[in-house]
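Novice: I'd like to ask you about the structure that follows.
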Amino acid sequence: MSLLKPLALTFTKTALQKRALATVADKAGNPFPTHIQAFLRDFKTSEPKSIIDLDRKVFGAPLRRDVLQRVVVWQRDSMRQGTHSTKGRSEVAGSGKKQAPQKGRGKARVGDMKAPHFRGGGIAFGPHPRDHSTDLPRKVQEMGLRVALSTKYAQDQLTIVEDFNQLESSKTRELNSIIQQTYGEPTLLLVTEGHNERLELAARNIPRCEVIHVDETNVLDLLTYDNVIIEKSAVQILEDALKTV
Numbered sequence: 005m006s007l008l009k010p011l012a013l014t015f016t017k018t019a020l021q022k023r024a025l026a027t028v029a030d031k032a033g034n035p036f037p038t039h040i041q042a043f044l045r046d047f048k049t050s051e052p053k054s055i056i057d058l059d060r061k062v063f064g065a066p067l068r069r070d071v072l073q074r075v076v077v078w079q080r081d082s083m084r085q086g087t088h089s090t091k092g093r094s095e096v097a098g099s100g101k102k103q104a105p106q107k108g109r110g111k112a113r114v115g116d117m118k119a120p121h122f123r124g125g126g127i128a129f130g131p132h133p134r135d136h137s138t139d140l141p142r143k144v145q146e147m148g149l150r151v152a153l154s155t156k157y158a159q160d161q162l163t164i165v166e167d168f169n170q171l172e173s174s175k176t177r178e179l180n181s182i183i184q185q186t187y188g189e190p191t192l193l194l195v196t197e198g199h200n201e202r203l204e205l206a207a208r209n210i211p212r213c214e215v216i217h218v219d220e221t222n223v224l225d226l227l228t229y230d231n232v233i234i235e236k237s238a239v240q241i242l243e244d245a246l247k248t249v
């Protein structure tokens with residue numbers, strides 16, 4: 005009897021066992037819940053109205069400081085104007101005449117007065133207008149948003165409200181009164197689903213309050229402001245845009 009036949013049977017049994025274990029692991033799924041919960045609050049009073057589910061992959065992602073640092077640097081690079089400019093020796097105004105004879109003075113040789121080592125001359129290796137923006141992969145940008153939102157949720161600095169339509173007018177006094185009585189002194193970032201002219205006009209003259217649309221949500225603003233208040237409808241848009249497979 006050949007010795008290869010028992011070995012082949014052993015390999016076949018091992019392969020079947022591995023396949024069965026893989027099938028069981030696939031059926032088991034993720035032991036952690038796919039959602040986390042948060043209070044849905046009233047904007048004027050901050051009183052809880054109900055409890056809503058949030059996508060764990062968007063609002064419960066692991067906190068990655070390295071990803072936040074990369075995204076913030078990328079954003080700030082794009083914000084730089086890059087308009088700094090200096091004139092070289094060929095650009096400054098002045099005569100090109102040689103200022104002294106080449107020989108006979110007992111001093112160093114000199115050319116025209118536009119040289120960098122003369123007062124009023126050109127700047128050597130000075131800055132010129134350029135684009136400071138850098139590249140960052142799209143997946144890293146989206147991960148940065150998930151980490152920033154998860155950080156605010158973990159630090160209890162994220163408030164979800166039904167809507168901002170409770171403002172009766174666009175007066176700054178009314179919105180400022182709500183902020184002082186309900187939310188105190190921290191800086192606030194209000195994220196709306198769409199255009200809310202009444203809220204934008206009311207918040208325009210409050211230095212510690214900023215209103216942005218949900219499609220303008222970015223990591224730098226989320227980290228700059230102490231508390232973030234998001235409309236319930238805007239939360240759904242963020243989850244649809246940032247959820248992972």
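Quick note on this note's numbering: the sequence shown kicks off at 5 and runs consecutively.
Even glycine gets a Cβ: it sits at the ideal position worked out from N, Cα and C.
The model shown is predicted, which means the values in this text are computed figures rather than measured ones.
Pull up the DSSP beta-bridge partners for Ala-42, would you.
Specialist: Partner(s): Ile-56.
Novice: Are Arg-208 and Pro-190 touching if we call contact CB-CB under 9 Å?
Specialist: Going by C-beta atoms, Arg-208 is not nearer than 9 Å to Pro-190.
Novice: Tell me the DSSP secondary structure of Leu-171 in three-state form.
Specialist: Looking at Leu-171 - three-state DSSP - the assignment turns out to be coil, as it is neither helix nor strand.
Novice: Can Gly-86 and Pro-133 be called in contact, C-beta distance under 9 Å?
Specialist: Cβ distance < 9 Å, so Gly-86 and Pro-133 count as in contact.
Novice: Rounded to a whole number of angstroms, what is the C-alpha to C-alpha distance between Glu-201 and Thr-176?
Specialist: So the two alpha carbons sit approximately 13 Å from each other.
Novice: Whose CA, out of Thr-90, Thr-138, Asp-167, lies closest to the CA of Pro-131?
Specialist: Answer by Cα proximity: Thr-90.
Novice: Just to confirm before moving on: does the CB-CB distance between Val-77 and Thr-155 stay below 9 Å?
Specialist: Against a cut-off of 9 Å, the Cβ pair of Thr-155 and Val-77 comes out as no contact.
Novice: With a Cβ-Cβ cutoff of 9 Å, do Ile-183 and Val-239 count as a contact?
Specialist: No, Cβ-Cβ distance for Ile-183 and Val-239 is not below 9 Å.
Novice: Determine the DSSP secondary structure at Asn-231, reduced to helix, strand or coil.
Specialist: DSSP places Asn-231 in strand when its eight states are reduced to three.
Novice: Can you confirm whether the segment 97-108 touches the segment 37-51 when touching is taken to mean that 3 or more C-beta pairs between the two stretches lie within less than 8 Å?
Specialist: No, they do not touch.
Novice: How many angstroms separate the CA atom of Val-28 from the CA atom of Ala-65?
Specialist: Residue confidence is low: Val-28 scores 48 on pLDDT, short of 50, so the model does not pin down where it sits. No coordinate-derived value is stated.
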